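S.K.:
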Amino acid sequence: MNVTRAIQAVEPVVPAGSTAQLILAAVIGVAVIIVLITWLKVHPFLALSIGAVGVGVGAGMAPNAAVTSFGAGFGSTMAGVGVLVGFGAMFGKLLADSGGADRIVDALVSRSSVRTLPWTMALIGGLIGLPMFFEVGLVLLIPVIILVARRSGQSLIRIAIPALAGLSVMHGLVPPHPGPLVAVTTLNANLGLTLAIGVLIAIPTVIISGPLFSKFAARWVKVPVPEMFITAADQGLDENIKRPSFLATITGILLPVVLMLARSIADAINPGSTDPLNATLDFLGTPMIALGIAVIYAMVVYGRGGGMDRAAVSKSLADSLPPIAGILLIVGAGGGFKQVLIDTGIGTVIADAVNGSSVSVLLLAWIVAALVRVATGSATVATVTAAGILAPVAASLGSTDVSLMVLAIGAGSLFLSHVNDAGFWLVKEYLGTSVPQTLKTWTVMECLISVTGLAGVLLLNVVI
0 MNVTRAIQAV EPVVPAGSTA QLILAAVIGV AVIIVLITWL KVHPFLALSI
50 GAVGVGVGAG MAPNAAVTSF GAGFGSTMAG VGVLVGFGAM FGKLLADSGG
100 ADRIVDALVS RSSVRTLPWT MALIGGLIGL PMFFEVGLVL LIPVIILVAR
150 RSGQSLIRIA IPALAGLSVM HGLVPPHPGP LVAVTTLNAN LGLTLAIGVL
200 IAIPTVIISG PLFSKFAARW VKVPVPEMFI TAADQGLDEN IKRPSFLATI
250 TGILLPVVLM LARSIADAIN PGSTDPLNAT LDFLGTPMIA LGIAVIYAMV
300 VYGRGGGMDR AAVSKSLADS LPPIAGILLI VGAGGGFKQV LIDTGIGTVI
350 ADAVNGSSVS VLLLAWIVAA LVRVATGSAT VATVTAAGIL APVAASLGST
400 DVSLMVLAIG AGSLFLSHVN DAGFWLVKEY LGTSVPQTLK TWTVMECLIS
450 VTGLAGVLLL NVVI
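First residue of the sequence shown? That's 0 in numbering that gives the first Met the number 0, and the numbers climb one at a time after it.
1. Drop a sphere of 10 angstroms on the beta-carbon of Asn419, count the other beta-carbons inside from all chains shown, and report buried for 16 or more, exposed for fewer.
2. Following the continuous alpha helix (DSSP H) through Phe423, name the residue where it begins and the one where it ends.
3. Could you have a look at Asp308 and say whether DSSP puts it in helix, strand or coil?
4. Please report the straight-line C-alpha distance between Val380 and Ala332, rounded to a whole angstrom.
5. Using 8 Å for Cβ pairs, my map puts Phe86 next to Leu290. What's the rounded Cβ distance?
6. Who are the near neighbours of Ala25 in its chain, counting only those whose CB is closer than 8 Å to its CB and skipping five residues on each side?
7. Does DSSP classify Phe215 as helix, strand or coil?
8. Taking Cβ positions, are Ala100 and Val138 nearer each other than 8 Å?
9. According to DSSP, is Met77 helix, strand or coil?
10. Put Asn189 into one of helix, strand or coil per three-state DSSP.
11. Does the region 117-125 come into contact with the region 267-276, if we say contact requires no fewer than three beta-carbon pairs (one atom in each stretch) closer than 8 Å?
12. Determine whether the Cβ of Ala30 lies closer than 8 Å to any Cβ atom of chain D.
13. Report the option in Phe414, Gly306, Lys40 and Leu389 whose CA atom is closest to the CA atom of Ser244.
14. Whole angstroms is fine: what's the gap from Gly452's alpha carbon to Leu458's?
15. Rounded to whole angstroms, what's the CA-CA distance from Thr250 to Val143? Just pull it up for me.
16. Shortest alpha-carbon distance to Met287 belongs to which of Met259, Leu276, Ala51 and Val312?
17. Quick check on the burial criterion: 16 or more other C-beta atoms within 10 angstroms. Buried or exposed for Lys241?
18. Alpha carbon to alpha carbon, how far is Ala78 from Thr67? Give it in angstroms, no decimals.
19. Hey, how far is the Cα of Gly409 from the Cα of Ile295?
20. Which residue wins for smallest C-alpha separation from Asp281, given the options Pro255, Gly397 and Met298?
21. Please report the straight-line C-alpha distance between Glu238 and Gly98, rounded to a whole angstrom.
22. Buried or exposed: Val358, going by 16 or more other Cβ atoms within 10 Å of its Cβ?
23. Does DSSP put Met60 in a helix, in a strand, or in coil?
24. Considering Ile341, what are the terminal residues of the alpha helix (DSSP H) in which it resides?
25. Specify whether the region 146-159 and the region 210-223 touch according to this definition: at least 3 beta carbon pairs, one from each stretch, less than 8 Å apart.
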């Protein structure tokens with residue numbers, strides 16, 4: 000989500016109904032969605048649409064207002080995440096069809112043992128997730144996750160969870176990711192100190208929620224590797240197949256990473272600057288532009304390196320879109336549901352309920368972010384909301400405590416991803432898991448990240 004859009008989304012709203020009515024409507028709405036999907040086998044897109052409008056009406060919104068709110072959330076999600084998913088699918092298909100994904104997978108599998116492969120995936124997820132929105136990193140990594148699982152013979156969950164943990168931890172804890180960065184700015188924290196402490200907390204958090212947790216998750220959930228990104232090597236046709244070089248392949252994957260990282264660094268060093276360099280980096284580092292450039296790079300470099308002619312490149316791009324149609328609709332509906340929850344005022348109600356509490360400020364920061372996250376489904380909205388609420392408190396704290404507060408907010412913003420989170424549906428649809436299976440893997444992983452991150456913050460608060 001764009002930071003500006005996130006800030007606009009959490010502007011104070013007038014609650015549609017009483018506090019009890021808002022909370023009851025939200026709880027019933029989530030329960031209805033889960034029942035529709037799991038028991039009545041209603042398609043998630045339809046279930047989310049019904050649930051979203053129902054929550055709005057139940058919370059006291061006029062029916063037309065609930066529909067308008069859902070449409071606005073659907074549209075803004077599709078304008079952001081939808082475009083990224085489309086570009087990512089194109090990039091991933093070219094990566095697979097050209098043989099570039101085979102280059103990476105072969106290198107990973109050949110240089111990692113069965114024991115170390117999940118750790119390798121966690122490292123890759125963390126590195127790619129550092130400057131990127133979670134959705135961008137996910138669509139870039141999905142082809143690699145699926146091909147590594149297929150080629151190595153390991154459980155899909157054993158491979159996917161470490162990579163997803165690396166992505167998610169960076170999303171919540173480590174600047175210059177947009178979420179932590181906006182909290183740093185709002186609370187006037189020291190960016191360098193926050194980055195250093197964030198990395199220190201992120202390392203054990205990724206280890207616990209990634210490679211270690213994936214052992215248990217793989218036992219709880221067994222799903223086949225999705226029939227996506229089928230390569231020539233998977234079909235036994237890899238003899239004498241031309242492939243892009245490893246350097247060309249890895250350059251394409253890292254290209255949007257570098258562009259977004261450069262933009263974040265430039266904004267952190269010289270915020271608000273309009274000089275030509277900053278303006279150029281700001282444009283090139285926009286997620287949509289960065290991923291679009293990666294697609295063009297893949298068309299030229301992967302296409303030529305993989306021996307593909309123009310017709311083959313065109314077919315690869317066209318074939319990449321039909322499989323994600325359902326994903327796009329589900330993600331858009333999740334965004335619509337999230338917007339209804341925001342517009343009912345439930346986020347404001349939660350914030351008011353905990354504001355002024357006598358609980359430890361670091362624990363309070365985590366609680367506020369966690370409650371808003373559960374209510375709205377957005378980590379960025381949770382981060383911005385909690386940072387805004389706690390900004391007056393942060394003004395009286397020392398530099399280290401403010402940095403720890405930023406990280407407590409970041410950890411809380413990842414808590415309990417469920418059916419109102421677009422990331423939940425992306426992971427579910429890409430990995431081919433059911434709603435209960437996604438709750439047992441992805442949702443538990445997010446809770447582990449959140450709680451482990453909080454534990455790290457509280458421990459460091461004691462020793463430094």
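Every residue, glycine too, gets a C-beta built ideally from N, C-alpha and C.
Computed from a prediction, not measured in an experiment: that's the story for all the values here.
M.R.: According to the data block:
1. buried
2. Ala421 to Leu430
3. coil
4. 17 Å
5. 4 Å
6. Val54, Ala58, Leu340, Thr343, Ile345 and Ala374
7. helix
8. no
9. helix
10. coil
11. no
12. The chain labelled as chain D is not found in the depicted structure, where only one protein chain is given.
13. Gly306
14. 10 Å
15. 14 Å
16. Met259
17. exposed
18. 16 Å
19. 34 Å
20. Pro255
21. Here Glu238 scores only 49 on pLDDT, less than 50, and its place in the model should not be relied on; the value that follows carries that caveat. Cα to Cα, Glu238 sits roughly 12 Å from Gly98.
22. exposed
23. coil
24. Ala324 to Thr343
25. yes
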